[in-house]
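Engineer: Numbering (my numbering), first residue to last: 31 to 100.
All C-beta atoms in this analysis are idealised placements derived from N, C-alpha and C, irrespective of residue type, glycine included.
Nothing here was measured: the structure is a model prediction, and the numbers come from that model.
There's a structure below that I have some questions on.
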């Protein structure tokens, strides 16, 4: 996960790589990260994600999803 403060991108987190993401395939898993103080009242904040697929040719594997950024 990456964070942009209006002038530069910084890496916030690099979750462990696994063969089934954060949970068994097709299941949601909560993952919490606190933003730096520079995000407070900053209209230029952006959050970026880098998804890398293993390309194992299995069209039924779930990919990446984000829900409830608070």
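1. Could you work out which residue in 80, 81 and 45 is closest to residue 60 when comparing CA atoms only?
2. Among 94, 70, 40 and 62, which one has its Cα closest to the Cα of residue 81?
3. Just how far apart, CA to CA, sit residue 39 and residue 33?
4. Using DSSP with H/G/I as helix, E/B as strand and the rest coil, what is residue 43?
5. Pull up the DSSP beta-bridge partners for residue 99, would you.
6. Alpha carbon to alpha carbon, what distance is there between residue 36 and residue 97?
Structural biologist: Short version:
1. 45
2. 94
3. 5 Å
4. coil
5. For residue 99, which the question treats as bridged, DSSP gives no partner whatsoever.
6. 23 Å
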